[in-house]
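The structure appears below as structure tokens.
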Amino acid sequence: MCTIGSVAKRGIDRESGIRISTSRRVSLNLEVVVIPVSDVDRSKAFYARLGWRLDADFASGDRWRVVQFTPPGSHCSVIFGRNVTSASPGSTYGLYLTVSDLDAARKELIERGISVSEAFHGGGDVHAGPDEPYLFGSVRITGLDPKRGSYSSFASFRDPDGNGWLLQEVTTRLPGRVEGSDVAFASKADMAAALRRAAIAHGEHEERSGGHDENWADWYADYIAREQAGQSPPS
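This is the structure:
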């Protein structure tokens with residue numbers, strides 16, 4: 001059996017005798033998001049001020065220009081320019097930037113001269129009304145999520161045209177979002193935050209076990225890998 005975007009193979013497991021089917025999927029990597037702007041140079045200055053990496057600035061006379069930036073640690077870039085999209089300037093909303101520490105991310109942007117909202121969290125299952133909706137509805141309650149749940153705290157900002165960005169704090173991925181063998185960090189700050197969480201958890205582990213853990217490095221590594229994969233922490 002073959003399907004679009006995959007190669008399927010069938011066979012018999014020698015030990016169990018069970019018929020198995022495995023698929024090798026074609027990788028589909030989200031590479032670029034195009035955002036509509038009215039003034040290319042103004043937008044270029046704004047995204048440079050965010051501290052994002054400038055990858056390209058190509059032009060063909062006055063008719064066409066494309067500028068590409070990549071947020072720190074991101075595998076996806078943004079493109080804007082002249083005659084690269086028919087969308088109206090400022091019409092793109094709900095562009096999410098995940099961070100491991102919302103307070104630290106807000107502080108850095110504010111220090112760079114960016115106007116950022118206060119931290120907020122969801123106010124219940126309300127998805128209609130005059131407020132701008134986001135993933136958790138349309139009501140925004142000021143402050144970090146009281147339980148500091150992963151995915152649950154936000155802040156927002158806009159570029160000069162009004163394209164809307166949101167910061168979303170993600171500390172532990174839901175199961176299946178990260179391969180168990182893949183451990184990666186978007187920045188040194190993210191790595192440091194993961195190590196701090198591991199240190200706290202390991203201290204609790206040592207209290208439970210009643211002694212010093214000589215294999216603390218292995219425990220840290222296991223904790224961080226499990227956290228990123230959305231699995232239960234080691235015992």
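Just so you know, the sequence shown maps onto residues 1 to 235 in the working numbering. No residue lacks a Cβ here, since even glycine has one placed at the ideal position from N, Cα and C.
{"Check": "Beta strand (DSSP E) runs wholly inside the segment 26-74, at least 3 long, in chain order", "Outcome": "32-34, 53-60, 64-70"}
{"Check": "Sequence-distant residues of its chain with Cβ nearer than 7 Å to SER91 (five each side left out)", "Outcome": "PRO36"}
{"Check": "Close-in-space but distant-in-sequence residues of the same chain around TYR151 (CB under 7 Å, 5 per side omitted)", "Outcome": "GLN168, VAL170"}
{"Check": "Close Cβ partners of LEU109 (< 6 Å) along its chain, the five nearest in sequence each way excluded", "Outcome": "VAL116"}
{"Check": "Unbroken beta strand (DSSP E) run spanning LEU166, endpoints", "Outcome": "164-169"}
{"Check": "Which of helix, strand or coil DSSP assigns to LEU135", "Outcome": "coil"}
{"Check": "Span of the alpha helix (DSSP H) around LEU102", "Outcome": "102-111"}
{"Check": "Residue burial classification, HIS127 (beta-carbon count within 10 angstroms, cutoff 16)", "Outcome": "exposed"}
{"Check": "Rounded separation between GLY124 and ILE224 - CA only", "Outcome": "31 Å"}
{"Check": "Sufficient close CB pairs (3 or more, under 8 Å) joining the segment 138-155 to the segment 98-108", "Outcome": "yes"}
{"Check": "Alpha carbon of LEU195 to alpha carbon of TRP216, nearest angstrom", "Outcome": "12 Å"}
{"Check": "Member of TYR93, GLY164, VAL34, PRO71 whose CA lies at the smallest distance from the CA of ARG82", "Outcome": "VAL34"}
{"Check": "As assigned by DSSP and simplified to three states, the class of SER152", "Outcome": "coil"}
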